[in-house]
Amino acid sequence: MKYTSKSSKFHFFIAKTDKYLRCFFKGMRPDCKRPPVWYTAERSQGDEIMDKKLCPCGSGLNYSGCCEPIIKGKAKAPTAEALMRARYSAYVKHEIAFIGSSCIRKEGENDIDMEETRKWSEESEWLGLKIHGTTKGASSDSEGVVDFSAFYARNGLRDEHRESAAFKKVDGAWMYSDGSLAATTIVRSSPKVGRNDPCSCGSGKKFKHCCGK
20 MKYTSKSSKF HFFIAKTDKY LRCFFKGMRP DCKRPPVWYT AERSQGDEIM
70 DKKLCPCGSG LNYSGCCEPI IKGKAKAPTA EALMRARYSA YVKHEIAFIG
120 SSCIRKEGEN DIDMEETRKW SEESEWLGLK IHGTTKGASS DSEGVVDFSA
170 FYARNGLRDE HRESAAFKKV DGAWMYSDGS LAATTIVRSS PKVGRNDPCS
220 CGSGKKFKHC CGK
């Protein structure tokens, strides 16, 4: 019957349209074949360029619109968390001067070791930042605490730097004050650090006087 014939053609059209849409959203050509090599390579290069533009702090924003203005001194961190994120990004980008200038320096053995900080930054593969929570630290506050984890690998050691970092405002600008470290699980692919070796956390102290206590 003509009705049956039209119905069959209609269902055939729907099936073809459905197939086309499924192939399209899978990134294939309309004939459901894989895209040509040049197309795949172009997408991969584009994704890589996009990844490089993203801020290391994990905000999902471009670096130029997130931590870079703070690190370069073009903008002040509006919150304690913003400064924490900028300091992490500075480690990733090896902006050692900012790491030193954004903390309250202390004389004696508690002062930051800039050379060891540089080594920690440059010798580490930075794997990500996770903010666990904040206490105060808003733009209207003068003090705040940021609980965070920075993941990295260095010298065959995959580690989590878990810290509750304290921040204070000095002349209207947020500054890192000090912090307390939390115990974490360490995954090693090389021999254990000796007690008299430099601590892998980048403090500049011997392991036995730092994380090895």
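Under the working numbering, the first residue of the sequence shown carries the number 20, and numbering increases by one thereafter. The beta-carbon is built from N, C-alpha and C at its ideal position, and this holds for glycine as well.
Count the other CB atoms, across all protein chains shown, that sit within 10 Å of the CB of Ser140; report buried if there are 16 or more and exposed otherwise.
-> buried
Reduced DSSP category for Ala60 - H, G, I as helix; E, B as strand; rest coil | Any reading at Ala60 must be qualified, since the residue scores a pLDDT of 44, below 50, and its modelled position is unreliable; the value itself is stated next. In the structure shown, Ala60 sits in a helix (DSSP, three-state: H, G or I).
Just how far apart, CA to CA, sit Ser158 and Gly191?
-> 10 Å
Distance, Cα to Cα, Ile123 vs Met194?
-> 6 Å
Report the three-state DSSP secondary structure of Ser168 (helix, strand or coil).
-> strand
Stretch pair the region 87–96 + the region 163–179: three plus CB contacts closer than 8 Å | no
For Thr136, does the three-state DSSP call read helix, strand or coil?
-> helix
Taking C-alpha atoms, which residue in Ser78, Ser121, Tyr107 lies nearest to Gly92?
-> Ser121
How would you label Ser143, buried or exposed, when you count the other beta carbons within 10 angstroms and need 16 or more for buried?
-> buried
So, are the CB atoms of Cys76 and Tyr110 less than 8 Å apart?
-> no
Gly163 beta carbon less than 8 Å from that of Phe186 = yes
Would you mind working out which of Ala99, Ala105, Lys95 sits nearest Leu80, comparing C-alpha positions?
-> Ala105
Can you tell me whether DSSP reads Ser120 as helix, strand or coil?
-> helix
Where in the region 170–194 do unbroken runs of the beta strand (DSSP E), each at least 3 residues long, occur, reported from the N-terminal end onward?
-> 176–189
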